[in-house]
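*Asks:* Quick one: this structure, given as structure tokens, is what I'll be asking you about.
Residue numbers (my numbering): 1 to 461.
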């Protein structure tokens, strides 16, 4: 403490000194100086005019969901219950709050986050003018963390969707939302980084990073440019204490708008698939392949019978653009293809050796995955029937095609290439069999696997 005291006193002294200097320069206002001061203040830069136009489009969202109260496990034992007057498990309401953005005033469409409305039985929207309205869930997409609501009201204000692809690091942005349930709050900052991924939030990641304060309750709120255009939907923060430390993330408006259009059309996102394995074309790899400073996504493998094979793509091709828009890496390519509706035709600009080609590809439908095992040890694994997963798998069972890093499936020890042949000693021949088996035993599962040609028993919980 004695060592710290001089430094603390020194800091306080410096602050006091600065304040003293300020006080010396301040002089009382006179009638003559008061008028000139008011005139100069009117010329100070301000965001107020833009915010007056934009903030009525940002709403607060309240979600009511039901949870089951958990009691002592003995209460569920039929040999124990008769001896005691025990209550049945009861459901209780849980309320959570978030934010949203009106993007279509005539139709009442409100963008927000999937995690804000997930599991909600009642959703209500409160406008800036105090009106509280029930909201209908049009659709929700967990992989991008985007959801679309609809409200029925007149005299709504919408935000114009801007071009998030035009953002640059250093551009000024403003975050608007409902942090900690305080009510509408505005913060400002800059774009700190673009194309952030690997945060283990959801499957499709291309986040805008900003230092504009984003806190719990800001989820689903607006990230706007200084001209009042929506460039992101505030989604997450990176913080050891659960509050803002200057690292916030927003889903780009280009991705959110694509998801919104599919939710309006289908009520869900119907993802496209090429059937290729890809990796980043790093500077070292580009040098090894004598590609100079070329950037894009390198095709590492092509699945037999896939849309990519039918279009004539080859292993070693480098995809540099889709429909003329540059590709910045494998994540960018995966996002763009995954958010393209099945059946759509796109043009891929491909570097093959010394030649550059434009190849037309019809996007295929993404394979069905076990989407309803979330909350179980298998969450995060993409799987298909082994009989349909290609010659490298073969036979019956369920083939693990990929595992999301950091997911429950990854922590449990599942690997791409594993084939699940039995669950709790019950053989499974398909994804449907696996789904039923896991539903019966969601907590502890014993998986019999074939890995690298050998048999393995993996117990996960």
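No residue lacks a Cβ here, since even glycine has one placed at the ideal position from N, Cα and C.
Roughly how many angstroms separate the alpha carbons of residue 229 and residue 52, rounded to a whole number?
*Replies:* The alpha-carbon atoms of residue 229 and residue 52 are separated by roughly 13 Å.
*Asks:* Leaving out five residues before and five after residue 323 in sequence, what residues of the same chain have Cβ atoms less than 7 Å from its Cβ?
*Replies:* Once the five neighbours on either side are set aside, the close Cβ partners of residue 323 are 346 and 347.
*Asks:* Can you give me the C-alpha to C-alpha distance between residue 297 and residue 116, rounded to a whole angstrom?
*Replies:* Roughly 33 Å between the two C-alpha positions.
*Asks:* Which one or two residues does DSSP pair with residue 187 in a beta bridge?
*Replies:* Beta-bridge pairing links residue 187 to 175.
*Asks:* Which partner residues does residue 272 have in the DSSP bridge list?
*Replies:* Bridge partners of residue 272: 365.
*Asks:* Where does residue 456 land, buried or exposed, given buried means 16+ other C-beta within 10 angstroms?
*Replies:* Burial call: exposed.
*Asks:* DSSP has residue 252 in a bridge; who is on the other side?
*Replies:* The partner list for residue 252 (beta bridge, DSSP) reads 232.
*Asks:* Considering only C-alpha positions, which residue in the set 306, 294 and 309 is nearest to residue 326?
*Replies:* Closest by alpha carbon: 294.
*Asks:* Whose C-alpha, out of 219, 214 and 253, is nearest the C-alpha of residue 231?
*Replies:* It is 253.
*Asks:* What does the Cβ neighbour count give for residue 48, buried or exposed, with the cut at 16 atoms within 10 Å?
*Replies:* The residue is exposed, with fewer than 16 neighbouring Cβ atoms inside 10 Å.
*Asks:* Taking residue 53 as part of the alpha helix (DSSP H), name the residues at either end of that continuous run.
*Replies:* 48–54 is the extent of the alpha helix (DSSP H) around residue 53.
*Asks:* Taking the Cβ atom as the reference point for each residue, do residue 173 and residue 210 lie within a distance shorter than 7 Å?
*Replies:* Yes, these two residues count as a Cβ contact at 7 Å.
*Asks:* Sort 397, 260, 308 and 191 by Cα distance to residue 148 and report the nearest one.
*Replies:* The residue with the shortest Cα to Cα distance from residue 148 is 260.
*Asks:* Short check: CB of residue 161 to CB of residue 222, under 7 Å?
*Replies:* No, Cβ-Cβ distance for residue 161 and residue 222 is not below 7 Å.
*Asks:* State the DSSP-derived secondary structure class of residue 342, mapped to helix, strand or coil.
*Replies:* Three-state DSSP puts residue 342 in coil, outside helix and strand.
*Asks:* Do residue 437 and residue 431 have their beta-carbon atoms positioned less than 7 Å apart in this structure?
*Replies:* Taking 7 Å as the Cβ cut-off, residue 431 and residue 437 do not qualify as a contacting pair.
*Asks:* From the DSSP secondary-structure annotation, give me the bridge partner or partners of residue 359.
*Replies:* Per DSSP, 348.
*Asks:* In angstroms with no decimal places, state the Cα-to-Cα distance between residue 411 and residue 244.
*Replies:* If you take the alpha carbons of residue 411 and residue 244, they lie about 28 Å apart.
*Asks:* Could you check whether the stretch 126–146 touches the stretch 260–270, counting it as contact only if at least three pairs of C-beta atoms, one from each stretch, sit closer than 8 Å?
*Replies:* Contact holds: three or more Cβ-Cβ distances are below 8 Å.
*Asks:* Out of curiosity, what's the CA-to-CA distance linking residue 39 and residue 239?
*Replies:* Residue confidence for residue 39 is low, a pLDDT of 47 falling below 50, so the modelled location carries little weight; the figure read from the coordinates is stated next. In a straight line, the C-alpha of residue 39 is about 43 Å away from that of residue 239.
*Asks:* I believe residue 233 touches residue 159 by the beta-carbon criterion, under 8 Å. Please report the beta-carbon distance rounded to the nearest angstrom.
*Replies:* Going by Cβ atoms, the distance from residue 233 to residue 159 rounds to 11 Å, so no, they are not a contact pair.
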